[in-house]
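These notes are about the structure you will find just below.
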Amino acid sequence: MSDSQYDSLPPPDPHERVARLLYASRATLSGPVYAEMERIRASALRHNLPLGIHTALLHQAGWFVQWKEGPADSIAALMARLAHDTRHAGLCTVHASQGPRLLAGPWSMAIVQCREQAADFGRRVALLAAEQAAGRPATPPAAWRRLSTPAGHAGAARQHEPGAFRRLLVVAARGSGSFALVDWLARRAGQPVVHRRYAGAQDLDVGTDLVDLATVQGLVRVVAMARRGLALPLTRAFLPDTGHLVVLLSGDAETDLALLRRIARACAGAAPAPVLLGVAPDPAAHAPPAAAALQAGLHYVPVLADAAHPQAAWPALAAAARQPA
Ligand SMILES: Cc1cc2nc3c(=O)[nH]c(=O)nc-3n(C[C@H](O)[C@H](O)[C@H](O)COP(=O)(O)O)c2cc1C
Numbered sequence: 029m030s031d032s033q034y035d036s037l038p039p040p041d042p043h044e045r046v047a048r049l050l051y052a053s054r055a056t057l058s059g060p061v062y063a064e065m066e067r068i069r070a071s072a073l074r075h076n077l078p079l080g081i082h083t084a085l086l087h088q089a090g091w092f093v094q095w096k097e098g099p100a101d102s103i104a105a106l107m108a109r110l111a112h113d114t115r116h117a118g119l120c121t122v123h124a125s126q127g128p129r130l131l132a133g134p135w136s137m138a139i140v141q142c143r144e145q146a147a148d149f150g151r152r153v154a155l156l157a158a159e160q161a162a163g164r165p166a167t168p169p170a171a172w173r174r175l176s177t178p179a180g181h182a183g184a185a186r187q188h189e190p191g192a193f194r195r196l197l198v199v200a201a202r203g204s205g206s207f208a209l210v211d212w213l214a215r216r217a218g219q220p221v222v223h224r225r226y227a228g229a230q231d232l233d234v235g236t237d238l239v240d241l242a243t244v245q246g247l248v249r250v251v252a253m254a255r256r257g258l259a260l261p262l263t264r265a266f267l268p269d270t271g272h273l274v275v276l277l278s279g280d281a282e283t284d285l286a287l288l289r290r291i292a293r294a295c296a297g298a299a300p301a302p303v304l305l306g307v308a309p310d311p312a313a314h315a316p317p318a319a320a321a322l323q324a325g326l327h328y329v330p331v332l333a334d335a336a337h338p339q340a341a342w343p344a345l346a347a348a349a350r351q352p353a
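In structure tokens:
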């Protein structure tokens, strides 16, 4: 499937109810992680697609986390087979629920690069498993986020509180200003940047960086993402929890509209969809993207600031992001 076909995957049917399972396991890989995940992906696409199972796979700090959605009996049969795979051990369920399908496509994978020890990750696995066993399950995205947030991060202990964080996703119509913004925010706050690589069902490998900030106005997570990453099922599953999508405009109408079209496809079916914060210094540059957003049913807020220097735009962005949607 090509990049553009991914972009046009329809949102999941909101009325379909599926089993949703997340488990963690210790990775026992001897070779390079990404190559092994590609092999797992090839098997999974072969077996899971006919069964209607959608999957997201994470590797972090020597652990795998897998999020599966589909018919309960098919998932149970697949899990019985997976448990014998010698590439992982000690499978532990951290979330199980019935509900709408949240992953819009068959496969997503993420590798998180951080200096965290396996034991720290393991403590979060044990905590989530205990909460699940006690009948206090999180949602699948919340469980995924809690597991993947390194322990030392600003507000890590409050990741499970629904309203504790404001979340901003930043994409640039051209260039890599979104990554420059996260890097600058992290250096200014003395916080680590988490680098992640995402991929979909084919060799679409995109980077995404994030920083967690404790500000006087509360906790903020800022995620920079390459444009292609918007189409990935994993990204789309998190959009309802993303209050604002910051769009660093280029000023070139065609380029900006191309990004708006990607955003509209990614946000289709997201309930609620994020509020778009378009960034450009010139009021005229906002008219085409604002019209495209309106047509897609998305709320667009123009932020008059220089998108080429997102650091300079941050005060205006932070203020806009504090406004209720
Ligand atoms: C963490 C992890 C996740 C996996 N996920 C899947 C999966 O979702 N579907 C699948 O068929 N195989 C998955 N596998 C691989 C299976 O254990 C098994 O190797 C594979 O299905 C064998 O099928 P094949 O011989 O046709 O490739 C996974 C393996 C690991 C280590």
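Using the numbering used here, the letters of the sequence shown correspond one by one to residues 29 to 353. Backbone N, C-alpha and C define an ideal beta-carbon position, used for all residues, glycine too. Model, not experiment: these values are computed from the prediction.
How would you write the range of the alpha helix (DSSP H) that residue i sits in, first residue to last?
| i | result |
| --- | --- |
| His82 | That residue, His82, is in no alpha helix (DSSP H); its beta strand (DSSP E) goes His82 to Gln88. |
| Cys295 | Ala281 to Cys295 |
| Arg74 | Val61 to Leu79 |
| Arg262 | Checking the displayed sequence, the identity of residue 262 turns out to be Leu instead of Arg. Where Leu262 is concerned, the enclosing alpha helix (DSSP H) stretches over Pro261 to Phe266. |
Is DSSP giving residue i helix, strand or coil here?
| i | result |
| --- | --- |
| Arg202 | coil |
| Asp254 | With the sequence shown as reference, residue 254 is identified as Ala, and Asp is not the correct amino acid for it. Coil, per DSSP. |
| Val153 | helix |
| Pro311 | helix |
| Pro168 | helix |
| Asp113 | coil |
| Ala335 | coil |
| Pro134 | coil |
| Glu144 | coil |
| Leu196 | strand |
| Gln160 | helix |
| Phe207 | helix |
| Gln323 | helix |
| Leu57 | coil |
| Arg350 | helix |
| Leu345 | helix |
| Leu213 | helix |
| Pro38 | coil |
| Ser30 | Any reading at Ser30 is ruled out, since the residue's pLDDT is 47, under 50, leaving its predicted position unreliable. |
| Pro317 | helix |
Rounded to whole angstroms, how far is the Cβ of residue i from the Cβ of residue j, which I believe are closer than 8 Å?
| i | j | result |
| --- | --- | --- |
| Ala182 | Leu247 | 6 Å |
| Pro330 | Ala318 | 7 Å |
| Leu345 | Leu273 | Wrong, their Cβ atoms sit about 11 Å apart, outside the cutoff. |
| Ala184 | Pro178 | 7 Å |
| Gly228 | Ser136 | 6 Å |
| Ser204 | Met253 | In fact, because the Cβ distance is near 11 Å, the residues do not count as touching under 8 Å. |
| Ala217 | Leu241 | 5 Å |
| Arg152 | Arg186 | Not quite, the Cβ-Cβ distance comes to about 13 Å (not below 8 Å), so this is no contact. |
What does DSSP give as the partner residues of residue i in its beta bridges?
| i | result |
| --- | --- |
| Met107 | For Met107, which the question treats as bridged, DSSP gives no partner whatsoever. |
| Val244 | DSSP, once it has assigned bridges, lists no residue as partnering Val244. |
| Thr121 | Tyr51 |
| Thr177 | Thr177 is not bridged to any residue. |
| Asp237 | His223 and Ala252 |
| Pro330 | Gly306 |
Between residue i and ligand 3, is the CB less than 7 Å from at least one heavy atom?
| i | result |
| --- | --- |
| Thr121 | Ligand 3 is absent from the structure shown, which contains only ligand 1. |
Could you give the first and the last residue of the continuous beta strand (DSSP E) run that contains residue i?
| i | result |
| --- | --- |
| Asp227 | What sits at residue 227 in the sequence shown is Ala, not Asp. Unbroken beta strand (DSSP E) run through Ala227: Val222 to Ala227. |
| Ala192 | Here Ala192 belongs to no beta strand (DSSP E), and DSSP marks it neither H nor E. |
| His272 | His272 to Leu276 |
| Gln94 | Trp91 to Gly98 |
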